[in-house]
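In the working numbering, the protein residues as written are 147 to 605.
Listed below in structure tokens is the structure:
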């Protein structure tokens, strides 16, 4: 039976709205990490935090994020994706308000720990939920809504930092405003369905059918429900566990790809550019802090626009091709940055050159390994352990983030900016080799077909 065109369009619009609401978890991720640069400018004065305590303020959120990511998969597999996203939103609201209203260092840090936990949960469960509710034909674009929201969150954080930079206790507004998107996510998730795949796994076939009817046109539900039931029966028969993914040669490749991409997304230097851009730009000729932050905002805007472009092509060109093109662009950009830092560029013109090359680097990242990492880890793990597999990959990603950011200034001090970015270029070359050897194409395949592909072709 052919559905009336208006009915299908109505359901398509409703599904996009569902993805937009669920993707707000990515906005929490981006805003929570991006706002800290502006907040740090105030804390040295208002709380008399020395350099070590400022570093600890950043580190507690990253540690909280790693912990949140570590438990996210277990919670999502036990409680369901929707309930964990509801809890994530509530936790982010609580942490944001606690930090914003803090009158002691202890409360300030406690608030950031809670925000970090929420960021870790969101970074795992948001792409997981989006991958499981969408169809193969548009899964790339829908899951990349998460990465788009992350980039928008970072950009909005830069704007909020500028807006309140001259206001006494502006840091309270910077931290507190993070509660707004969290409230929207909390309200929105009340009306969204649970993942049909998770419901099938729990033996709740009637609820899974109702969720599919909400997400799809009527003609799609019966066929997809049969496919999900068959997949659920195979999952139960295999009883896959997380350790099995390491031991079983047919499944080990999934873990190698997930963990490898988690590391390469960070060791290629993206968060060094995003976290330390104002400092880098100041040292290369933009002496005004305002101009340095404004240039960083421009980098954030490029990140957003390039992610939108990636959404357009992930489902047509494919994940592997876009990943390779982007990595080659990143490699060339990093080599140019390394060469640029060797030149006497202590001028506005020199700084603008570094800004432009940095923008190109960020654009290639945002069109490739930025969204493709989150997309692939939501696709490649078997249903039985998808939540826990994504958790492990996300924890590794956060730990690599902490390592790269933590040693950046020491590396610059030891071998200079040029040598440091040359290391990132070498890591990008390794990422290209890794992708050519290990990463398959998954566009157009259902999650069950991808799982079967790995089992049938382990090498």
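Cβ atoms here follow ideal geometry from the backbone N, Cα and C, with glycine treated the same way. The structure presented is a predicted model; accordingly, all values stated were derived computationally and were not measured.
Residue 566 to residue 557 span [Cα, whole Å]: Your numbering for residue 566 matches position 420 in the chain shown. Your numbering for residue 557 matches position 411 in the chain shown. C-alpha separation (whole angstroms): 6 Å.
Let's test the definition: count the other Cβ atoms within 10 Å of the Cβ of residue 184 and tell me whether it reaches 16, buried, or not, exposed. Start at 1 with the first residue of the chain shown, and residue 184 comes out as number 38. Under this definition residue 184 is a buried residue.
Whole angstroms are fine: how far does the CA of residue 485 sit from the CA of residue 152? Residue 152 sits at position 6 when you count from the first residue of the chain shown. Residue 485 sits at position 339 when you count from the first residue of the chain shown. Confidence is the limiting factor: at residue 152 the pLDDT is only 47, short of 50, which leaves the residue's position unreliable and the question unanswerable from this model.
Can you tell me whether residue 372 is buried or exposed, with buried defined as 16 or more other CB within 10 angstroms of its CB? To locate residue 372, count along the chain shown from 1; it is residue 226. Exposed is the call here.
I'd like the list of long-range same chain contacts for residue 278, defined as Cβ closer than 6 Å, with 5 residues on each side in sequence excluded. Translated into positions along the chain shown, residue 278 becomes position 132. Correct list, in chain order: 341 and 343.
Compare the C-alpha of residue 540 against each of 586, 238, 461 and 210 and name the closest. Here residue 540 refers to the residue found at position 394 when the chain shown is read from its first residue. Checked all of 586, 238, 461 and 210; the closest Cα to residue 540 is 210.
With a CB to CB cut of under 7 Å and the five nearest residues on each side skipped, what residues in its chain are close to residue 469? As a working note, residue 469 is residue 323 in the chain shown. Within the same chain, residue 469 has close Cβ partners 514, 515, 518, 581 and 585.
Does DSSP classify residue 194 as helix, strand or coil? Reading the chain shown from its first residue, position 48 is the one you call residue 194. Three-state DSSP puts residue 194 in coil, outside helix and strand.
Excluding the 5 residues flanking residue 402 on each side, which residues of the same chain have their C-beta closer than 8 Å to its C-beta? Counting from 1 along the chain shown, the entry for residue 402 is found at position 256. Cβ neighbours of residue 402 beyond the five flanking positions: 584.
Residues in its own chain within less than 7 Å of residue 330 by CB, not counting five upstream and five downstream? Residue mapping note: residue 330 aligns to position 184 of the chain shown, counting from 1. Here the set comprises 170.
Would you check if the stretch 320-334 and the stretch 298-311 touch, i.e. whether three or more CB-CB distances between them fall below 8 Å? yes
Would you please verify whether the beta carbon of residue 349 is less than 9 Å from any beta carbon of chain B? Any reference to chain B falls outside this structure, which holds one protein chain only.
Residue 474 to residue 226 span [Cα, whole Å]: Counted from its first residue, the chain shown places residue 474 at position 328. Counted from its first residue, the chain shown places residue 226 at position 80. If you take the alpha carbons of residue 474 and residue 226, they lie about 38 Å apart.
Can you grab the Cα-Cα spacing for the pair residue 302 / residue 510, in whole Å? On the chain shown, position 156 is the one that residue 302 refers to. On the chain shown, position 364 is the one that residue 510 refers to. Going by the C-alpha atoms only, they are around 21 Å apart.
Secondary structure at residue 348, three-state DSSP: helix, strand or coil? Here residue 348 corresponds to residue number 202 of the chain shown, with the count starting at 1. Looking at residue 348 - three-state DSSP - the assignment turns out to be coil, as it is neither helix nor strand.
Measure the beta-carbon distance from residue 534 to residue 274 and round it to whole angstroms, keeping in mind my assumption that it falls under 8 Å. The count along the chain shown starts at 1 and reaches residue 534 at position 388. The count along the chain shown starts at 1 and reaches residue 274 at position 128. Actually they are not in contact, since the Cβ atoms of residue 534 and residue 274 sit about 10 Å apart, beyond 8 Å.
Answer yes or no: do residue 448 and residue 512 have a C-beta to C-beta separation smaller than 9 Å? Counting from 1 along the chain shown, the entry for residue 448 is found at position 302. Counting from 1 along the chain shown, the entry for residue 512 is found at position 366. Taking 9 Å as the cut-off, the Cβ atoms of residue 448 and residue 512 count as close.
How many angstroms separate the CA atom of residue 353 from the CA atom of residue 337? Mapped onto the chain shown, residue 353 falls at position 207. Mapped onto the chain shown, residue 337 falls at position 191. Their backbone Cα atoms lie some 14 Å apart in a straight line.
Work out the CA separation of residue 478 and residue 471 for me, nearest whole Å. To locate residue 471, count along the chain shown from 1; it is residue 325. To locate residue 478, count along the chain shown from 1; it is residue 332. Each residue's alpha carbon lies about 11 Å from the other.
Contact defined as beta carbons within less than 8 Å: I believe residue 458 pairs with residue 587. What is the distance between those atoms, to the nearest angstrom? Mapped onto the chain shown, residue 458 falls at position 312. Mapped onto the chain shown, residue 587 falls at position 441. In fact, because the Cβ distance is near 18 Å, the residues do not count as touching under 8 Å.
C-alpha distance - residue 328 paired with residue 297, whole-angstrom precision: Mapped onto the chain shown, residue 328 falls at position 182. Mapped onto the chain shown, residue 297 falls at position 151. Approximately 16 Å between the Cα atoms of the pair.
Burial state of residue 453, where buried means 16 or more other Cβ atoms lie within 10 Å: Within the chain shown, numbered from 1, the residue matching residue 453 stands at position 307. By the 10 Å Cβ count, residue 453 comes out buried.
Taking just the CA atoms, how far does residue 404 sit from residue 292? Against the chain shown, residue 292 aligns to sequence position 146. Against the chain shown, residue 404 aligns to sequence position 258. So the alpha carbons of these two residues sit roughly 17 Å apart.
For residue 204 and residue 591, I'd like the C-alpha separation in whole angstroms. Here residue 204 refers to the residue found at position 58 when the chain shown is read from its first residue. Here residue 591 refers to the residue found at position 445 when the chain shown is read from its first residue. Distance between the alpha carbons of residue 204 and residue 591: 40 Å.
Could you have a look at residue 527 and say whether DSSP puts it in helix, strand or coil? Counting from one through the chain shown, the residue named residue 527 turns up at place 381. Residue 527: coil per DSSP, three-state reduction.
Quick one: using the 10 Å Cβ neighbour count with 16 as the cut-off for buried, is residue 285 buried or exposed? Reading the chain shown from its first residue, position 139 is the one you call residue 285. So residue 285 counts as buried.
So, at 8 Å on beta carbons, what are the nonlocal neighbours of residue 562 in its own chain, with the 5 sequence-adjacent residues on each side left out? Indexing the chain shown from 1 puts residue 562 at position 416. Closer than 8 Å at Cβ, skipping near neighbours: 487.
Less than 7 Å between C-beta atoms, sequence neighbours within five positions excluded: which residues of the same chain meet that for residue 614? There is simply no residue 614 to check, as the chain begins at 147 and stops at 605 in what is shown.
Indicate the three-state DSSP secondary structure (helix, strand or coil) for residue 456 in the structure shown. As a first step, residue 456 must be located in the chain shown, where it is residue number 310. Reduced to three states, the DSSP call for residue 456 is helix.
What's the call for residue 196, buried or exposed, on a 16-neighbour Cβ count within 10 Å? Your numbering for residue 196 matches position 50 in the chain shown. It is exposed - the Cβ of residue 196 has fewer than 16 other Cβ atoms within 10 Å.
So, with DSSP's three-state summary, where would you put residue 340? As a position in the chain shown, residue 340 is number 194, starting the count at 1. Coil at residue 340, not helix or strand.
Assign residue 247 to one of two classes, buried (16 or more other C-beta atoms within 10 Å of its C-beta) or exposed (fewer than that). Within the chain shown, numbered from 1, the residue matching residue 247 stands at position 101. So residue 247 ends up on the exposed side.
Could you tell me the distance, in whole angstroms, from the CA atom of residue 600 to the CA atom of residue 394? Along the chain shown, read from residue 1 onward, the residue named residue 600 stands at position 454. Along the chain shown, read from residue 1 onward, the residue named residue 394 stands at position 248. Between residue 600 and residue 394, the C-alpha separation is close to 11 Å.
Check whether residue 208 and residue 200 have beta carbons under 9 Å apart: Start at 1 with the first residue of the chain shown, and residue 208 comes out as number 62. Start at 1 with the first residue of the chain shown, and residue 200 comes out as number 54. Their beta carbons are not under 9 Å apart, which means residue 208 does not touch residue 200 by this criterion.
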